[in-house]
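The sequence shown begins at 48 in our numbering and counts up by one. Report on one structure; see the data block that follows.
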Amino acid sequence: MASARLRELMARGTALLGSEVAILCGAMSWVSERHLVSAVSNAGGFGLIACGAMTPELLDAEIAGTKALTGRPFGVNLITMHPQLMDLIAVCAKHGVGHVVLAGGLPPKGSIEAIKESGAKVICFAPALALAKKLMRSGVDALIIEGMEAGGHIGPVATGVLAQEILPELADELPIFVAGGIGRGEAIASFLEMGAAGVQLGTRFVCATESIAHPNFKKAFLRGNARDAIASVQIDPRLPVIPVRALKNAGTEAFTAKQREVAQMLDDGKVDMAAAQLEIEHFWAGALRRAVIDGDIENGSVMAGQSVGMVTKEQPVAEIIAELLEQADAALGGR
Ligand SMILES: Cc1cc2nc3c(=O)[nH]c(=O)nc-3n(C[C@H](O)[C@H](O)[C@H](O)COP(=O)(O)O)c2cc1C
């Protein structure tokens with residue numbers, strides 16, 4: 048598989064994850080369930096279950112289902128604002144899950160401690176250098192830095208800039224994984240050379256043969272180009288929108304129209320601020336499921352990163368990982 052040089056560059060990442068290669072398949076709600084997660088781990092990478100809005104009971108079943116499909120390590124991604132976060136952490140602990148990724152904002156008090164008490168490693172997203180340092184002081188075992196090229200919910204800064212700001216300062220202190228916009232192995236090699244312990248990819252794995260995403264969802268990825276994967280835009284300062292990168296479709300247009308309509312209702316005094324903000328938040332509820340599971344790629348949310356143009360065919364996870372490693376090796380050998 049990987050050359051000695053590549054393995055050496057990934058050594059800190061693989062030591063932390065317990066996998067053969069330091070390539071994480073980022074958790075993707077509805078997509079990252081037992082089949083994709085186990086396939087990634089079985090192929091030597093590191094799979095992550097996307098808990099998303101699952102109840103503790105559903106997560107319990109998903110972890111058990113994944114364990115039945117792989118004996119290799121995998122992790123669970125939890126969203127920090129989930130109302131039952133502590134119960135979800137307890138479910139992970141019950142199963143002896145070795146790695147928990149906390150996504151969607153700074154971890155609430157007690158969550159990092161609870162995960163560490165279970166013996167699991169804690170991995171958090173660091174959106175800026177100051178926050179990376181704060182998380183490190185809170186005892187996290189590793190960080191993910193994710194740029195705005197990524198699919199799904201995104202921050203404002205590009206991967207290349209975050210990598211330059213954070214890796215030189217902190218790469219010696221703890222393992223850091225780089226995510227966002229990675230479609231080929233050459234990019235993996237360059238981030239490893241900058242000090243990253245590994246990488247996380249999402250978009251590139253959506254069209255894996257083992258991914259249960261609806262054929263329409265996969266087709267949209269195969270057709271999509273980088274410029275089609277656009278970040279949602281907030282049109283009124285009173286109505287905050289957390290940007291999401293997705294393929295443009297009728298749904299993304301309707302979202303803009305919805306914001307205008309709600310802003311007008313606010314101007315006319317027909318709704319109060321709380322109701323208006325709720326209406327905006329609710330617009331996308333269920334939209335990802337509609338696209339991934341039901342295949343409604345016109346009105347649903349087809350979350351995808353800018354690397355979507357580098358997804359050219361449906362292929363098994365093992366082939367995707369082998370390709371990435373080959374490209375990374377070729378790049379390292381050529382330098
Ligand atoms: C369809 C889709 C759904 C996603 N859902 C989640 C999620 O539920 N939680 C999360 O932390 N990240 C989520 N992400 C982000 C991925 O885990 C990963 O970090 C990202 O895809 C990496 O960037 P890339 O898309 O450029 O490879 C999602 C991404 C996609 C494409």
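Glycine residues also receive a C-beta, built at the ideal position from the N, C-alpha and C atoms.
Item, Value
"Three-state class that DSSP yields for Lys168 in the structure shown", "strand"
"Buried versus exposed, by CB contacts within 10 Å (16 or more), Asp376", "buried"
"Environment of Met350 [buried if 16+ CB atoms lie within 10 Å]", "buried"
"Sub-9 Å separation of Ala197 and Gly352 beta-carbons", "yes"
"Length of the line joining the Cα atoms of Ala260 and Leu313", "38 Å"
"N- and C-terminal bounds of the alpha helix (DSSP H) containing Glu104", "Pro103 to Leu116"
"Cβ contact check for the segment 166-186 and the segment 329-338: 3 or more pairs under 8 Å", "no"
"In DSSP terms, what Cys72 is bridged to", "Gly94 and Leu248"
"Where the alpha helix (DSSP H) containing Ala321 begins and where it ends", "Met320 to Phe330"
"Length of the line joining the Cα atoms of Cys139 and Ser158", "12 Å"
"Cβ neighbours of Met75 in the same chain (closer than 6 Å, five flanking residues each side left out)", "Ala97 and Gly249"
"Three or more C-beta pairs below 8 Å linking the segment 302-313 and the segment 353-372", "no"
"Cα-Cα separation, Gln324 to Asn272", "32 Å"
"Secondary structure of Arg292, DSSP reduced to three states", "strand"
"Inter-residue spacing [alpha-carbon to alpha-carbon] between Asp134 and Val147", "13 Å"
"Chain-order list of residues whose beta-carbon lies under 6 Å from that of Gly242 (same chain, five-residue window excluded)", "Leu214 and Ala218"
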